[in-house]
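Below is one structure, written out as structure tokens; the observations come after it.
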Amino acid sequence: MLAYITRRVLILIPTLLGVSVLVFLMLHLTPGDPAELLLGERATDSALHEIRKHLGLDKPLHVQYGMFLKRLLKGDLGETIWTRQKVWYEVKQRFPATIELSIVALGISCFFGILFGIVSATRQYSVFDYLSMVGALVGVSMPIFWLGLVFMLIFSLELGWLPLSGRLSIGIELQTITNFYILDALLTRNWAALRDVLWHIIMPAVTLSTIPTAIVARMTRSSMLEVLRQDYIKTAKAKGLSGFTVTFKHAFRNALIPVVTTIGLQFGVLLGGAILTETIFAWPGVGKWMYDAVMQRDYMVIQGGTLFIAAIFVVINLMVDVLYAVINPRISVK
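Numbering (this note's numbering), first residue to last: 42 to 375.
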């Protein structure tokens with residue numbers, strides 16, 4: 042197992058290098074000049090030249106990439122063009138908001154996706170099965186930004202049940218320890234803040250979880266149906282075991298492997314795909330930060346943020362692969 046994990050960690054290096062090359066080339070080959078955005082339309086040529094020289098943008102592309110790579114090897118993701126803060130510092134400030142939102146969204150996806158998938162499989166061709174699968178198809182096809190705007194219109198502007206944006210209402214005080222607001226509210230026993238934080242996270246989390254819920258439901262149903270047709274399930278039923286025992290003790294455990302794969306991949310997708318949701322709900326996470334950086338052509342933020350998300354994605358994949366062996370010992374890591 043240790044050798045397997047070591048090999049996978051070593052694969053991380055060329056993967057991240059490939060990501061860095063692709064992002065660097067895409068950024069520098071697309072139109073737009075950070076210097077012009079920074080100084081405005083009335084900036085003189087000499088001022089633009091000075092700022093490009095200061096940022097290193099006047100050098101050839103291979104030299105700029107070499108400088109970026111050199112800083113990266115030292116653990117330095119560079120400085121943002123606009124705030125002059127360290128990129129790593131900005132990531133650390135915003136990542137808890139993104140991971141908290143993604144975990145809540147993943148929890149919603151796992152609960153409803155697995156529940157609907159199991160019930161659909163055990164009641165195949167029933168009304169519930171048809172309705173849940175149609176719902177899953179609609180969920181997969183639903184544009185996130187459109188769904189988020191509809192939720193805001195109904196639950197915030199029309200009904201006034203949920204806050205429109207942000208993580209915490211103005212006037213609610215919360216002592217931040219970990220920057221995970223739900224955890225901080227629990228640690229400090231600040232129940233008013235906990236209620237407010239949960240109220241703020243419901244709508245963006247439900248929006249973000251729509252597609253993963255549909256995918257997990259479809260995968261769970263498909264995997265359960267395959268397992269329920271196996272001979273050992275028929276044998277278990279013939280022994281007189283209850284439906285609950287057959288479903289959850291014998292079938293669900295074996296059907297769980299592809300579902301775990303799907304959930305792991307969806308968690309990585311949630312982290313990277315939170316850009317739209319965070320932008321719509323003004324959620325102060327890495328996604329909104331990356332969106333603002335793209336609009337401002339902040340090369341360092343885009344490069345550093347993309348590399349960070351890619352690293353998280355690969356690590357999650359590694360954790361999913363290791364989890365295979367824990368769920369089903371018949372699978373060898375070799």
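The C-beta atom is built at its ideal place from N, Cα and C for all residues, glycine as well.
For residue 291, there is no enclosing alpha helix (DSSP H), as DSSP marks it with neither H nor E. Contact between residue 342 and residue 128 holds: their C-beta atoms lie close to 6 Å from each other, under 8 Å. A residue is called buried once 16 or more other Cβ atoms fall within 10 Å of its Cβ, and residue 141 is buried on that count. With fewer than 16 other Cβ atoms from the protein chains shown falling within 10 Å of its own Cβ, residue 283 counts as exposed. Leaving aside the five residues that flank residue 53 on each side, the residues in its chain whose CB is nearer than 6 Å to its CB run, in chain order, 355. DSSP links residue 91 through a beta bridge to no other residue. Ranked by Cα distance from residue 215, the first of 224, 168, 234 is 234. In the displayed model, residue 120 falls within a strand according to three-state DSSP. The three-state reading of DSSP puts residue 329 in helix, counting H, G and I together.
The three-state reading of DSSP puts residue 115 in coil, since its state is none of H, G, I, E or B.
Residue 275 carries a helical assignment under DSSP once its states are collapsed to helix, strand and coil. If you look at residue 173, you'll find it in the alpha helix (DSSP H) that goes 168 to 182. In this model, residue 139 and residue 279 are separated by some 49 Å (Cα to Cα). Straight across, the Cα-Cα distance linking residue 219 with residue 110 is about 30 Å. DSSP places residue 127 in the strand class (E or B) of the three-state scheme.
By the C-beta density criterion, residue 95 is exposed, having fewer than 16 other C-beta atoms within 10 angstroms. In this chain, the alpha helix (DSSP H) harbouring residue 75 covers 75 to 80. Out of 67, 76, 252, 300, the CA that lies nearest to the CA of residue 182 is found in 252. The C-beta distance from residue 169 to residue 106 rounds to 55 Å, too long to fall under 8 Å, and the pair is not in contact. The DSSP-derived three-state label of residue 358 is helix. Residue nearest to residue 134 within the set 275, 46, 221, 274 is 221 (criterion: CA-CA distance). Nearest in C-alpha terms to residue 104, of all of 62, 86, 72, is 62.
Counting only runs of at least 4 residues, the segment 173 to 243 fully encloses the following alpha helix (DSSP H) elements, listed from N- to C-terminal order: 185 to 192, 222 to 228.
Bounds of any alpha helix (DSSP H) do not take in residue 282, whose DSSP letter is neither H nor E. For the set 225, 152, 312, the Cα lying nearest the Cα of residue 300 is the one of 152. Going by C-alpha positions, residue 177 is about 18 Å away from residue 310. Just measuring C-alpha positions, the residue of 75, 359, 231 sitting nearest residue 302 is 359.
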